[in-house]
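Here is the structure we will look at, set down as structure tokens.
Protein chains in written order, with the working numbering: chain A, 353 to 612; chain B, 3 to 287.
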């Protein structure tokens, strides 16, 4: 392999989303930015391909504020990171993101394979990989759970609804991987220190020959609201109520509710 | 109203999308592209020829089955014709030149309403999002797949051992369990109350302690049991989405503040090693 590109998204962690009970709007104040969960598996997949077939492993990301992501990304086994930080990405939809990433991939050149995850933890639209493939004119192979490289060819196992599909494809190709392609190790101290010495290259829309107008999203967000839920939220063992008493109360309650 | 295209590999899903299309516009002229799975190629190899046809015919909507293959094909077509795609869109409305639709974000924790003025809009449609309309009058469209990667083998998934979709009671296990052998405690509880056992995504995908069809979540099983009892599950939005329509949700977790407790009707804060035996004893009484 010459270059293996892995795309990742710098997202807000959804673990600390709070919902404003009155307006149903999301309060993201406590949410920290992180590499989208499944993208960490995609990076690990890139690491494994590099181990098997050699090559330079390049991380790619684009967003309104992604500079802070590069150290984390580089600590996960990438050799370099190309990142595009531009305000236009604030309202990016899948159309914008894939055009920008395709431009970045063309700009660095010599890419044999692009690895994406199945989808991001925030939008989970599952579009970036296949869209990238279409824009680059390469085959898209998605929902891949196993990657085997030999020379410049790949044998890919796709996990479909009805079973597995084994696909044989030559580079260049865009592969969208499921998280079970490989568990992402947590970077150690050495990896984190080593990341500081690796290059992170800033790229601009001008560098990839894309005007802000051409990168404009085709969609506009009207609202993002949590659905109304009506759970009772009864804590059965507050203030020292014993587990045995709580368990008995639960069984009684569930029987009364007619669900046990 | 211009044409609405429907793209599916089977009639059942096509019938669901007919209902969706008629909901968008009662007088929609529907063209069905029923695309067969090529014997030795990808179904998505239909994307480029479909995009060529869409460029020429300019349909108002292209509705594609929300299967894995469907989502991949739809994204490729969208990129090729520079159009927006709403993944598993619901509540699709066309008014004047504006189309709005709802999609789920943050693993189902929120609903995003999006609008577009694009002349052609793609939407993937879930298999259960509409009641099917059988036998509707639709035009037949066809395209031949382009050359592409070779499919060298297809292996069916082993027959399912449990039918979680039918279960009235489900016990879910998560990362609160630290080894496979510990799951026997959850199985004992399930046996005591006549429930099936399911799990969170990592238990099936990373640890492989349970078969894949047992994991609950936005990308796995979406269930509607009378009772869902989550044990040692933190309750990420992706997981909760899979049981949001359960009649009653119970959570057992060490962490009082975990999202699963917040999404439960009843919760007990404590170690499952203590709580499960107590529950079994109470259930048997």
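Note that CB positions come from ideal geometry on N, CA and C, so glycine has one too.
Checklist entry - Using 8 Å as the limit for Cβ to Cβ distance, is residue 505 of chain A near chain B? => result Mapped onto the first chain, residue 505 of chain A falls at position 153. Residue 505 of chain A does not count as touching chain B.
Next on the checklist: Measuring only the C-alpha atoms, how far is residue 215 of chain B from residue 227 of chain B?
Outcome noted: Your numbering for residue 215 of chain B matches position 213 in the second chain. Your numbering for residue 227 of chain B matches position 225 in the second chain. Distance between the alpha carbons of residue 215 of chain B and residue 227 of chain B is about 16 Å.
Checklist entry - Can you give the beta carbon distance from residue 21 of chain B to residue 133 of chain B, rounded, assuming they're within the 8 Å contact cut? => result Here residue 21 of chain B corresponds to residue number 19 of the second chain, with the count starting at 1. Here residue 133 of chain B corresponds to residue number 131 of the second chain, with the count starting at 1. Contact between residue 21 of chain B and residue 133 of chain B holds: CB atoms are separated by about 6 Å, below the 8 Å threshold.
Checklist entry - Going along the chain, which unbroken runs of the beta strand (DSSP E) with 3 or more residues stay wholly within the region 123-205 of chain B? => result 123-127, 141-143, 152-158, 171-175, 198-201
Checklist entry - Going along chain A in order, which residues have a C-beta closer than 8 Å to the C-beta of residue 107 of chain B? => result As a working mapping, residue 107 of chain B is identified with position 105 in the second chain. Neighbours of residue 107 of chain B on chain A, chain order: 474, 475, 476, 576.
Item to check | Separation of residue 415 of chain A from residue 361 of chain A, as counted between CA atoms | outcome: Locating residue 361 of chain A in the first chain gives position 9, where the first residue counts as 1. Locating residue 415 of chain A in the first chain gives position 63, where the first residue counts as 1. Between residue 361 of chain A and residue 415 of chain A, the C-alpha separation is close to 8 Å.
Next on the checklist: According to DSSP, is residue 234 of chain B part of a helix, a strand, or is it coil?
Outcome noted: Within the second chain, numbered from 1, the residue matching residue 234 of chain B stands at position 232. In the structure shown, residue 234 of chain B sits in coil (DSSP, three-state: anything other than H, G, I, E or B).
Item to check | Host alpha helix (DSSP H) of residue 240 of chain B (start-end) | outcome: Translated into the one-based positions of the second chain, residue 240 of chain B becomes position 238. 239-243 is the span of the alpha helix (DSSP H), which, as asked, contains residue 240 of chain B.
Next on the checklist: For residue 7 of chain B, list the residues DSSP reports as bridge partners.
Outcome noted: In the second chain, the residue the question calls residue 7 of chain B occupies position 5. Its beta-bridge partners are B/33, B/64.
Checklist entry - Which ranges would you report for the beta strand (DSSP E) in the region 427-505 of chain A if only whole runs of at least 3 residues count? => result Here the runs fully enclosed are 432-437, 463-469, 492-502.
Item to check | When B/98, B/70, B/277 are compared against residue 516 of chain A, the one with the closest alpha-carbon | outcome: Stepping through the first chain from its first residue, residue 516 of chain A is reached at position 164. That would be B/70, whose Cα lies nearest to the Cα of residue 516 of chain A.
Item to check | DSSP state of residue 404 of chain A mapped onto helix, strand, coil | outcome: Locating residue 404 of chain A in the first chain gives position 52, where the first residue counts as 1. Residue 404 of chain A falls in the helix class under three-state DSSP.
Checklist entry - So is residue 491 of chain A buried or exposed if we call it buried at 16+ other beta carbons inside 10 Å? => result One-based indexing of the first chain puts residue 491 of chain A at position 139. Classification for residue 491 of chain A: buried.
Next on the checklist: If the cut-off is 9 Å on Cβ atoms, which residues from the region 68-85 of chain B count as contacting chain A, listed in chain order?
Outcome noted: 69, 70, 71, 73, 74, 75, 76, 77, 78, 79, 80, 81, 82, 84, 85
Item to check | Whole runs of the alpha helix (DSSP H) within the region 369-424 of chain A, excluding any shorter than 4 residues | outcome: 389-405
Next on the checklist: Along the region 514-527 of chain A, where does the CB come closer than 8 Å to a CB of chain B? Name the residues.
Outcome noted: 514, 515, 516, 517, 518, 519, 520, 521, 525
Next on the checklist: So residue 228 of chain B contacts chain A; which residues on that side make the cut at Cβ distance below 7 Å?
Outcome noted: Counting from 1 along the second chain, the entry for residue 228 of chain B is found at position 226. In chain order: 611.
Item to check | Backbone CA spacing between residue 565 of chain A and residue 586 of chain A [nearest angstrom] | outcome: The count along the first chain starts at 1 and reaches residue 565 of chain A at position 213. The count along the first chain starts at 1 and reaches residue 586 of chain A at position 234. As the crow flies, the alpha-carbon of residue 565 of chain A is around 52 Å from that of residue 586 of chain A.
Checklist entry - Where does the unbroken beta strand (DSSP E) through residue 359 of chain A begin, and where does it stop? => result Reading the first chain from its first residue, position 7 is the one you call residue 359 of chain A. Looking at the DSSP string, the run of the beta strand (DSSP E) that includes residue 359 of chain A is 355-359.
Checklist entry - Name the chain B residues that come within less than 8 Å of residue 395 of chain A, Cβ to Cβ? => result Taking the first chain and counting its residues from 1, one reaches residue 395 of chain A at position 43. Neighbours of residue 395 of chain A on chain B: none; closest Cβ ~16 Å, over 8 Å.
Checklist entry - Do you know offhand how far residue 373 of chain A's Cα is from residue 156 of chain B's? => result If you number the first chain from 1, residue 373 of chain A lands on position 21. If you number the second chain from 1, residue 156 of chain B lands on position 154. Using only the alpha carbons, I get a separation of about 48 Å.
Item to check | Exposure of residue 608 of chain A, with buried meaning 16 or more beta-carbon neighbours within 10 Å | outcome: Your numbering for residue 608 of chain A matches position 256 in the first chain. Per the 10 Å Cβ criterion, exposed.
Checklist entry - Among A/531, A/456, A/537, A/542, which has the Cα closest to the Cα of residue 203 of chain B? => result Here residue 203 of chain B refers to the residue found at position 201 of the second chain. Looking at the Cα atoms, A/531 is the closest of the given residues.
Item to check | Listed by chain order, chain B residues near residue 366 of chain A by CB distance under 8 Å | outcome: Indexing the first chain from 1 puts residue 366 of chain A at position 14. Result: 108, 109, 111, 238, 239.
Checklist entry - By Cβ distance, which residues of its chain are closer than 6 Å to residue 95 of chain B, with the 5 residues on each side in sequence left out? => result Indexing the second chain from 1 puts residue 95 of chain B at position 93. Excluding sequence neighbours, residue 95 of chain B sits near 102.
Next on the checklist: Can you confirm whether residue 92 of chain B, when its beta carbon is compared against all beta carbons of chain A, has any partner nearer than 8 Å?
Outcome noted: Position 90 of the second chain, counting from 1, holds the residue named residue 92 of chain B. Judged by the 8 Å Cβ criterion, residue 92 of chain B is not in contact with chain A.
Checklist entry - Do we get a CB-CB distance below 8 Å when we pair residue 495 of chain A with the residues of chain B? => result The residue you call residue 495 of chain A lines up with position 143 of the first chain. Answer yes: the Cβ-Cβ gap between residue 495 of chain A and chain B drops below 8 Å somewhere.
Next on the checklist: Between which two residues does the beta strand (DSSP E) holding residue 362 of chain A run?
Outcome noted: Locating residue 362 of chain A in the first chain gives position 10, where the first residue counts as 1. Residue 362 of chain A -> beta strand (DSSP E) spans 362-364.
Next on the checklist: 8 Å is my cut-off, CB to CB: does residue 453 of chain A come that close to chain B?
Outcome noted: Residue numbering aside, residue 453 of chain A sits at position 101 when the first chain is read from its first letter. False, the Cβ-Cβ gap to chain B never drops below 8 Å.
Checklist entry - If the cut is a Cβ gap below 8 Å, which residues of chain A does residue 269 of chain B touch? => result For this step, residue 269 of chain B is matched to residue 267 along the second chain. What residue 269 of chain B touches in chain A: 585, 586, 587, 588.
Item to check | Nearest candidate by alpha-carbon position, reference residue 107 of chain B, set A/469, A/573, A/435 | outcome: Looking up residue 107 of chain B in the second chain gives position 105. Per the Cα distances, A/573.
Checklist entry - In the structure shown, what three-state DSSP assignment does residue 47 of chain B receive? => result Translated into positions along the second chain, residue 47 of chain B becomes position 45. Three-state DSSP puts residue 47 of chain B in a helix.
Next on the checklist: Between which residues of its own chain and residue 33 of chain B is the CB-CB distance below 8 Å, once the five residues before and five after are set aside?
Outcome noted: Residue mapping note: residue 33 of chain B aligns to position 31 of the second chain, counting from 1. Hits under 8 Å: 5, 6, 7, 8, 61, 140, 141, 142, 143.
Checklist entry - Whose Cβ in chain A lies nearer than 8 Å to the Cβ of residue 265 of chain B? => result As a position in the second chain, residue 265 of chain B is number 263, starting the count at 1. Ordered by position in chain A, the residues that pass the 8 Å Cβ test against residue 265 of chain B are 581, 583.
Item to check | Under 7 Å by beta carbon: chain A residues contacting residue 89 of chain B | outcome: By one-based count along the second chain, residue 89 of chain B stands at place 87. Ordered by position in chain A, the residues that pass the 7 Å Cβ test against residue 89 of chain B are 477, 478, 479.
Next on the checklist: Please classify residue 287 of chain B as buried or exposed, where buried requires at least 16 neighbouring CB atoms within 10 angstroms.
Outcome noted: Here residue 287 of chain B corresponds to residue number 285 of the second chain, with the count starting at 1. It is exposed - the Cβ of residue 287 of chain B has fewer than 16 other Cβ atoms within 10 Å.
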